[in-house]
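Everything on this sheet refers to the single structure shown next.
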Amino acid sequence: MRPVRSSAILALSLSVATVGLTACGGSDGGSSASTYAAGKTFTMALSADPGALDPQGSASSPLFQVSKFAYDSLVSVNAKGQVTSGLASKWSVNGKTVTFDIAPKVTCADGAAFTAQTAADNISYVEDPKNKSPFLGVFVPAGATAKASGSTLTVTLASASPFVLDSFANLPMVCDSGLKDRASLKAGTAGTGPYTLKEAVPGDHYTYAIRTGYTWGPAGATTATTGMPATIQVKVVPNETTAANQLLSGALNAAAIHGPDATRLEAAKLDHDDAQAIVGEQWYNHDKAHATSDPAVRQALTQALDLAQLQKVITSDRGGPATQLAVVAPAACTGSSVEGNVLGSDVAAAGAALDAAGWVKGADGMRAKAGKPLSLSFLYDSSLGSGGSAASELAVDAWKKLGVAVKAKQLDETGMVNAMFGTGDWDLAWEPLNLNTPEQGVPFFSGPAVTDGGNNMSGITNADYSASVQKSMGKVGADSCPDWLAAEAALFKANDVVLFANSLLPFFSKGAEMDVLGSIVPTSIRMLG
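Read in order, the letters of the sequence shown are residues 1 to 529 in my numbering.
In structure tokens, the structure reads:
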């Protein structure tokens with residue numbers, strides 16, 4: 001679930017899916033406008049249904065992707081990390097004051113004007129805790145206020161934000177009609193984007209039609225460009241093998257394939273580009289009603305695992321060790337907060353930690369405390385593919401040998417988001433959260449828990465993390481990175497969350513070119529003749 005140019009990758013991938021890359025050309029390389037075809041349909045696959053389509057209502061990467069077709073953000077960020085125009089033609093940051101000049105003649109799909117006041121109303125909506133937008137504190141800094149004067153939007157921050165423009169570049173802006181009737185956004189769209197929703201068949205497909213007269217895309221992109229598809233069809237294809245087969249047959253133009261099927265597509269010489277993303281991320285439920293709230297239990301569950309082995313399996317041997325929490329390109333910080341801070345495998349130490357905490361083995365080899373078995377629920381995202389399923393079996397077996405009964409359940413990303421942000425009925429979870437700035441992760445690792453209206457889905461409380469975050473907030477851009485890496489290290493040292501695998505995620509295409517920065521950039525799509 002990827003806030004991501006995420007995720008998520010929340011974009012929560014909360015999303016893996018949401019990777020950052022540029023995909024164009026490949027074996028079809030060297031294309032020019034003369035090879036582009038007009039009036040065609042671009043068909044892409046999503047591994048999970050986006051659910052309700054309100055673009056500010058969920059952090060899942062499927063929703064983040066489809067929102068890009070119908071909604072714009074105030075600014076954009078290109079592959080080099082440079083801020084470019086979006087709905088705003090000019091912008092500035094001066095300490096805690098951020099201003100945006102809304103471009104003239106921007107219109108919504110219903111013909112209404114998009115104004116600075118509309119933008120201010122969007123920010124106010126996300127800022128209101130009662131609306132429970134997962135973007136509060138992620139893409140809109142908590143405590144920010146917004147006011148409009150003519151075509152100028154002024155946002156006043158509660159404190160300086162090192163990467164505030166990167167955050168606003170991810171916030172989809174809703175038009176007045178949608179702000180007045182949020183229910184209409186569940187199965188419809190009300191945006192300024194290059195496409196409008198024409199048909200929604202949940203669980204199957206979503207169809208978007210191109211808008212004429214659109215000229216305010218990223219860096220001034222327009223829908224009048226030769227080769228842009230007249231129609232976008234988004235198909236829900238949960239099975240990667242099925243998606244791969246449809247790519248090979250030409251039934252799909254694009255899909256992210258993470259597992260073994262990627263090797264088959266590479267052998268068929270399909271175009272693809274790879275992007276760095278977190279794949280292995282283990283969350284613990286810190287709520288006091290769960291055994292994983294006990295630091296000793298978290299330590300033991302971490303030390304029982306061979307994380308190097310899990311990394312190879314979950315990535316189908318296509319990845320490498322995890323490095324830091326925000327790796328989606330263009331990543332704001334570089335370095336490693338993982339090395340030397342995540343516990344290595346030590347089964348003896350894991351058992352000793354549980355013994356000391358009162359979780360002792362019975363005659364059947366399984367552990368209990370005061371008559372209560374150490375029995376845990378484990379959720380993992382189906383978008384991790386066959387590698388995720390195989391790795392989860394290894395983890396469950398390792399925990400069983402430790403004397404911990406763990407019941408694993410695979411859910412699609414929408415189901416993962418519902419469990420982790422809704423029911424809270426989980427102890428362990430594998431759900432990659434992919435970010436491009438560490439600041440975007442703060443609400444997920446600190447602050448109010450989900451039960452109190454926040455985004456801190458596992459209920460983490462870590463004073464060292466919060467202290468380093470505060471140091472980071474007083475600095476600008478890359479100057480804040482050492483403090484961010486220190487903050488992340490504090491999470492890993494406490495076993496609050498575990499990172500164990502990065503991977504190069506391939507995004508395959510056939511019959512089309514496109515740029516992918518966390519999600520497909522709609523105005524970059526070109527259909528090949």
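Beta carbons are placed, not taken as given, at the ideal position from N, Cα and C, and that holds for glycine. Please read these numbers as outputs of a predicted model, since none were measured by experiment.
In the DSSP secondary-structure assignment, Glu-513 is bridged to Arg-526.
Counting along the chain, Ile-102 sits inside the beta strand (DSSP E) bounded by residues 97-102. Below 8 Å, enough C-beta pairs join the region 401-410 and the region 361-373 to call them touching: three or more. In chain order, Thr-222 place their CB closer than 7 Å to the CB of Thr-215, counting only its own chain and leaving out the 5 sequence neighbours on each side. Counting only residues of its own chain and dropping the five nearest sequence neighbours on each side, Ser-377 has a CB closer than 8 Å to the CB of Val-406, Lys-407, Lys-409, Asp-425, Trp-426, Asp-427 and Leu-428. Bridge partners of Trp-283 according to DSSP: Ala-429 and Val-497.
In terms of Cα proximity to Ala-219, the closest of Lys-493, Ser-392, Leu-74 and Phe-139 is Leu-74. Distance between Ala-255 and Pro-330, taken at the CA atoms: about 21 Å. Under the three-state reduction of DSSP, Ser-89 is assigned to strand.
As computed with DSSP, Glu-199 is found in a beta bridge with Thr-207. Taking a contact to require three or more Cβ pairs closer than 8 Å, the region 335-344 and the region 285-297 do not qualify as touching. Cβ atoms of Val-417 and Ser-184 stay farther apart than 8 Å, at about 22 Å.
Excluding residues up to 5 positions away in sequence, Lys-510 and Gly-511 lie with their Cβ nearer than 8 Å to the Cβ of Gly-250 in the same chain. Our two residues, Val-396 and Trp-283, have alpha carbons roughly 15 Å apart in a direct line. Annotated three-state conformation of Lys-401 is helix, per DSSP.
Look at Ala-112 here: in three-state DSSP terms it is coil, with no helix or strand label. A distance below 8 Å separates the beta carbons of Leu-153 and Ala-116. For the options Thr-523, Met-527, Val-516 and Gly-529, the alpha carbon positioned closest to that of Asp-273 is the one of Val-516. Only residues of its own chain outside the window of five on either side were considered, and among them Ala-291, Val-297, Leu-354, Trp-359, Met-366, Arg-367, Ala-368, Gly-403, Val-404 and Ala-405 have a CB closer than 8 Å to the CB of Leu-374, listed in chain order.
In this structure Gly-193 touches Tyr-71 by the C-beta definition: roughly 5 Å separates them, less than 8 Å. Note that the C-beta distance between Leu-63 and Ala-322 is not below 8 Å.
Secondary structure at Phe-135: coil, using DSSP grouped into helix, strand and coil. Thr-97 is classed as exposed because its beta carbon has fewer than 16 other beta carbons within 10 Å across all chains shown. Here DSSP, grouped into helix, strand and coil, assigns Tyr-36 to strand.
Under the three-state reduction of DSSP output, Asp-317 falls in the coil class, being neither helix nor strand. In this chain, Ala-254 is not harboured by any alpha helix (DSSP H); it is covered by the beta strand (DSSP E) spanning 254-256. In the three-state reduction of the DSSP assignment, Ala-45 falls in the strand class, which pools E and B.
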